[in-house]
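Engineer: Let me give you the structure first, and then I'll get to my questions.
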Amino acid sequence: MYIQNRFRFLIAAALVSTLVSALVAPPAVFAEGDGNKKIAGTAKQARTIPCSKVKLVLQITIDQLRGDLPLRFRSRFGEGGFRYLLDNGAYFANAHYKHADTETAPGHATLVTGATPAQHGIISSEWWDPEKKKIVYAVEDENYPLLGENLESTAGSSTTIEGRAPTNLQSTTIGDEIFIASEKQARVFGVSGKDRGAVLPAGRAGKAFWLSSGKMVTSSYYYKKPPQWVTTWNDRKLADSYKDKNWELLNNRETYWRKDLDKRPYEGGFEHLKKEMPKSFATEKSKHFYKGLMHSYVNDELVLDFAKHLISDRQLGKRESVDYLSISFSSIDYVGHTWGIESLESEDTLLRVDRNLADLFKHVDSTVGLENTMIVLSADHGVAEIAEYMQGLGFPSKVIDSRALVKHIRDSLKKRFSTDKDLVAHFLYPYIYLNEAVLSDLKLDMEEVEEETAKAAMAFPGITYAVGEAAIKEGELPTDNANTIYARIINNYHPKRSGHVHLVADQYKMLVHWEWNGKPGMHGTVWSYDSFVPVVFTGPGIKARRIVRRVGPHDIAPTIAAYLGIKPPSGAVGDPLVEVVPETNW
Ligand SMILES: [Zn+2]
93 MYIQNRFRFL IAAALVSTLV SALVAPPAVF AEGDGNKKIA GTAKQARTIP
143 CSKVKLVLQI TIDQLRGDLP LRFRSRFGEG GFRYLLDNGA YFANAHYKHA
193 DTETAPGHAT LVTGATPAQH GIISSEWWDP EKKKIVYAVE DENYPLLGEN
243 LESTAGSSTT IEGRAPTNLQ STTIGDEIFI ASEKQARVFG VSGKDRGAVL
293 PAGRAGKAFW LSSGKMVTSS YYYKKPPQWV TTWNDRKLAD SYKDKNWELL
343 NNRETYWRKD LDKRPYEGGF EHLKKEMPKS FATEKSKHFY KGLMHSYVND
393 ELVLDFAKHL ISDRQLGKRE SVDYLSISFS SIDYVGHTWG IESLESEDTL
443 LRVDRNLADL FKHVDSTVGL ENTMIVLSAD HGVAEIAEYM QGLGFPSKVI
493 DSRALVKHIR DSLKKRFSTD KDLVAHFLYP YIYLNEAVLS DLKLDMEEVE
543 EETAKAAMAF PGITYAVGEA AIKEGELPTD NANTIYARII NNYHPKRSGH
593 VHLVADQYKM LVHWEWNGKP GMHGTVWSYD SFVPVVFTGP GIKARRIVRR
643 VGPHDIAPTI AAYLGIKPPS GAVGDPLVEV VPETNW
C-alpha cells in the first residue's frame, strides 16, 4: 500500500534524524498536540510510545453481544467482518465480567479502564449521590450542556439533567493513558449511538460524540461549539434518508433460522415499529421517527458512517503517535430489549453488524492500514432470552415485579420496626437505599435494618440473595473463588455510591430498573448469560487462535497498555493477556 510505504520511509527517516540529533543537539522539545488540530506539515514528532507497530488502537464494543453469538453465527457471516477477526485474531471464548450489575455504563467503564465498578466508580447506570442528595446518571454533569438546540439525551435513566461529561468516572481510561504517554500527540475519540457508550470510552483526554434525534452531538465538556467537520456530517441529514425506507430483511427470509419466529405475542415494539417484519420507518411524529431509528439497525449505520468520516477527516493513524478510537454500536441492544435476542429482528441485526464491521475494516485498511491497527472487539454485557420464550422451552423463567418487591420490603420493615414511616428511600437496581434520616429519627441501628431488609427481600419469590453494606464492609462474604456472585457483589461495591442492600435475583428471573420494566429482553444480573462476552484482538504480532481459559473485559485495557509499553489505567485490576502481548514486543 502506497501510504504505508511512505510512512515506513518517514519512520526510518525519523529514526535516523532522532539518532543524529541525539548525538549533536539537546533533546527535541515536543510540539503541542491536540486531537482537534489538522496535521500541520510532515510528521516529525519522535515516538514516545515504545511499541512501533501500531498507529491506531480501534476498540469496538457491540452492546449486548453475548459471548456465544459470534461463534454460533460464524457460518452465517460474510467475508471481512466477524470472520476477519475470527480468522486473524486471538479469540477469547470464555470471557466474563466480574462485577454484579451487567449494564451498559459499568460495562463500558470496565472495557476502557480495566477496573471493576469498585475502582472506576460507575456502579450502575444511576445511583444515589449522598452529597448532591439526588439520583445521578452515570454520565450526567449539569456543568456541561449539550451543544445545539432541541436535543434529547439518550439516557436510560430517570435523570432530567441534559449535561454530559465523564466526571463521574474515577479511573483514567486506556485512551487517556495513550494520550499521556504520547505527550499530548495522540488523538482520542469515543463514538456511539448512546451517550454513555461514547462519553465513558472517550475518557478525559478524548472527544465524545453520540446520536440524538438523528444527529451526532457532543457537550461543552469537549468543545465550545460543535466542530465544523461534525456539522458537515450532520448537515448531510443521513438519518432523514430512512424516512421512505422499510426495515426489510437483509437476506432471503428462507435463509433465516428464525424465519417462523416472527410476531410472537410476547415480543415488544416501539410505537410504529410493531412485532412483524418487515417494518416501515415512516411515521407522522418526528420524535418517534428518530427514536424508531435508534431501535433498529439504522442506529449502527449512522454511527458507522460518522466513524468513517471521523477517521478520514481527523486523519487518524497518520502521524508518529498512536491514536485511539472507541466505537460502540447499540443496535443489537435496542433490538434485543424490544424483540428479544432470539428474535428474527435480532438475527437480521446481527448479520447487519457483521456487514458493518466489514465496511469499517475496509475503510480502516484504506486509510490507516489494517497492518498498522490493533483492533479489540468486545461487549458491555450479555443478555437472557425473553422469559416467556424460556418458559416455552420448559425453564422456570419469569420477570419479577420490582414494584411489588419494593412494596413487600417496605411493608415488612414497617411491621418489624413497628413504625408507619417508610424506611426505604429508593430502589435503584441492584440496590435498596434506606432512608438514613428516618432511621436516625427512629434511633434504629443501620446494620440491623440492613439485615432485616435483606431477610425481607429473600422472602420474596425470585430473590436468591440479598446482603447489607455492613456485611460487605466487614468481609463477611466468601472471597475464595473470584467468579462467584459474592465476588461480583464485592467488585460492584463502592462506599460512596452503592446502596445499603444489594439484591440478587434467581437465575433467569429478571429484575431490573423501573424504566426497563415492560421491556421483553433483559440483562443486568450476576449470571453467566449476562456476564459472558466475546473478547478478540487482532494486530501486528497477534496470532490467530482460540483461547478458552477464563479471562474478562477488565483484562483488555491492561493488555493494550502492555502491548504498547505504557502504563495501565489508574484503576485497572485486570492482567495483560499473554496471547496478545508478543514476547518479541520489547
Ligand atoms: Zn441494554
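Residues in the sequence shown are numbered from 93 upward in steps of one, following our numbering. Note that the Cβ used here is the ideal one computed from N, Cα and C, for glycine as well. Please read these numbers as outputs of a predicted model, since none were measured by experiment.
When DSSP labels each residue in this structure, what does G461 get in the three-state scheme?
Structural biologist: If DSSP states are grouped into helix, strand and coil, G461 belongs with coil.
Engineer: Could you tell me the boundaries of the alpha helix (DSSP H) in which K299 lies?
Structural biologist: Where K299 is concerned, there is no enclosing alpha helix (DSSP H), although the beta strand (DSSP E) it sits in stretches over 299-304.
Engineer: Going by CA-CA distance only, name the one from A517, L462, E539 that's closest to K147.
Structural biologist: It is L462 whose Cα lies nearest to the Cα of K147.
Engineer: Going along the chain, which residues of its own chain have a beta-carbon closer than 7 Å to the beta-carbon of F165, five neighbours each way excluded?
Structural biologist: So the qualifying residues of the chain are L442.
Engineer: Tell me F519's beta-bridge partners as DSSP assigns them.
Structural biologist: According to DSSP, F519 bridges with I524.
Engineer: Return yes when the C-beta of H200 is under 7 Å from any heavy atom of ligand 1, and no when it is not.
Structural biologist: Flag unset: Cβ of H200 not near ligand 1.
Engineer: Hey, is Q156 close to ligand 1, as in C-beta under 7 Å from one of its heavy atoms?
Structural biologist: Answer for Q156: yes, Cβ within range of ligand 1.
Engineer: Is D425 a contact residue of ligand 1, with contact defined as CB to any heavy atom under 7 Å?
Structural biologist: Yes.
Engineer: Check whether the Cβ atoms of D87 and T196 sit closer than 8 Å, and answer yes or no.
Structural biologist: Outside the shown range of the chain, which is 93 to 678, sits residue 87, and nothing can be said about it.
Engineer: Can you name the start and end residues of the beta strand (DSSP E) that L595 belongs to?
Structural biologist: 593-597 is the span of the beta strand (DSSP E), which, as asked, contains L595.
Engineer: Pairs of beta-carbons, one from the region 258-268 and one from the region 285-298, closer than 8 Å: are there three or more?
Structural biologist: In short, these stretches touch, since the Cβ pair count reaches three.
Engineer: Report whether the distance from the Cβ of T617 to the nearest heavy atom of ligand 1 is below 7 Å.
Structural biologist: Not under cutoff, so the answer is no.
Engineer: DSSP on D514, reduced to helix/strand/coil?
Structural biologist: Correct three-state label for D514: coil.
Engineer: Just list the residues that DSSP pairs E232 with in beta bridges.
Structural biologist: R256, per the DSSP bridge assignment.
Engineer: Is any non-hydrogen atom of ligand 1 found closer than 7 Å to the C-beta of T205, if you look at the structure I gave you?
Structural biologist: Answer for T205: no, Cβ out of range of ligand 1.
Engineer: Within this structure, are the beta carbons of Y525 and H594 separated by less than 8 Å?
Structural biologist: It is not a contact, given that the beta carbons lie outside the stated cut-off.
Engineer: Does any heavy atom of ligand 1 sit closer than 7 Å to the C-beta of H429?
Structural biologist: Yes, since a heavy atom of ligand 1 falls inside the 7 Å radius drawn around the Cβ of H429.
Engineer: Within the same chain, show all residues whose beta-carbon is closer than 8 Å to that of H387, passing over the 5 residues directly before and after it, in chain order.
Structural biologist: Closer than 8 Å at Cβ, skipping near neighbours: F362, L365, Y426, V427, T430.
Engineer: So if DSSP puts Y416 in a beta bridge, which residue, or which two residues, is it bridged to?
Structural biologist: According to DSSP, which records beta bridges pairwise, Y416 is partnered with V149, V280.
Engineer: So, Y358 versus E544, is the Cβ gap smaller than 8 Å?
Structural biologist: No.
Engineer: So the candidates are K286, D451, F509, G631; which of them puts its Cα closest to the Cα of L385?
Structural biologist: Among K286, D451, F509, G631, the Cα nearest to that of L385 belongs to K286.
Engineer: Please return the same chain residues whose Cβ sits closer than 7 Å to the Cβ of H401, not counting the five positions on each side in sequence.
Structural biologist: If we look at H401 and ignore the five residues flanking it on each side, its Cβ neighbours are W325.
Engineer: With a Cβ-Cβ cutoff of 8 Å, do I564 and I577 count as a contact?
Structural biologist: In this structure, I577 does not lie closer than 8 Å to I564 by Cβ.
Engineer: Check for me: the beta strand (DSSP E) holding W220 runs from which residue to which?
Structural biologist: Element bounds for W220: 218-221.
Engineer: Using a threshold of 7 Å, is the CB atom of T83 nearer than that to any non-hydrogen atom of ligand 1?
Structural biologist: Any property of residue 83 remains undetermined from this structure, which presents the chain solely from 93 to 678.
Engineer: Quick one: complete beta strand (DSSP E) runs, 3+ long, within the region 182-213?
Structural biologist: 182-188, all fully within the region 182-213.
Engineer: Can you grab the Cα-Cα spacing for the pair V625 / D472, in whole Å?
Structural biologist: Taking the straight line joining both Cα atoms gives about 8 Å.
Engineer: Does DSSP put T324 in a helix, a strand or coil?
Structural biologist: T324: helix per DSSP, three-state reduction.
Engineer: Indicate whether the contact test is met: 3 or more Cβ pairs, each with one atom in the region 500-510 and one in the region 194-213, closer than 8 Å.
Structural biologist: No, the region 500-510 does not touch the region 194-213.
Engineer: Applying the criterion that 16 or more other CB atoms from any shown protein chain within 10 Å of the CB defines a buried residue, is G567 buried or exposed?
Structural biologist: Classification of G567: exposed, given that the 10 Å Cβ count is below 16.
Engineer: Among the residues of its own chain, which have a CB less than 7 Å from the CB of S404, if the five just before and after it don't count?
Structural biologist: Excluding sequence neighbours, S404 sits near T459.
Engineer: Tell me which residues share the same chain as F421 and place their Cβ nearer than 8 Å to its Cβ, disregarding the 5 neighbours each side in the sequence.
Structural biologist: Within the same chain, F421 has close Cβ partners I152, T153, I154, D155, S284, G285, N391, D392, V395, L396, V445, N448.
Engineer: With a threshold of 8 Å, are at least 3 pairs of Cβ atoms found where one atom belongs to the region 174-185 and the other to the region 480-493?
Structural biologist: Flag = no, the region 174-185 and the region 480-493 do not touch.
Engineer: With a CB to CB cut of under 6 Å and the five nearest residues on each side skipped, what residues in its chain are close to L65?
Structural biologist: Residue 65 lies beyond the residue range present for the chain, which begins at 93 and ends at 678; the question has no answer from this structure.
Engineer: Apart from the five residues on each side of it in sequence, which residues of its chain come closer than 7 Å, Cβ to Cβ, to E477?
Structural biologist: G432, I433, E434.
Engineer: Where do the ends of the beta strand (DSSP E) carrying P626 lie?
Structural biologist: Run containing P626: 624-630, per the beta strand (DSSP E) assignment.
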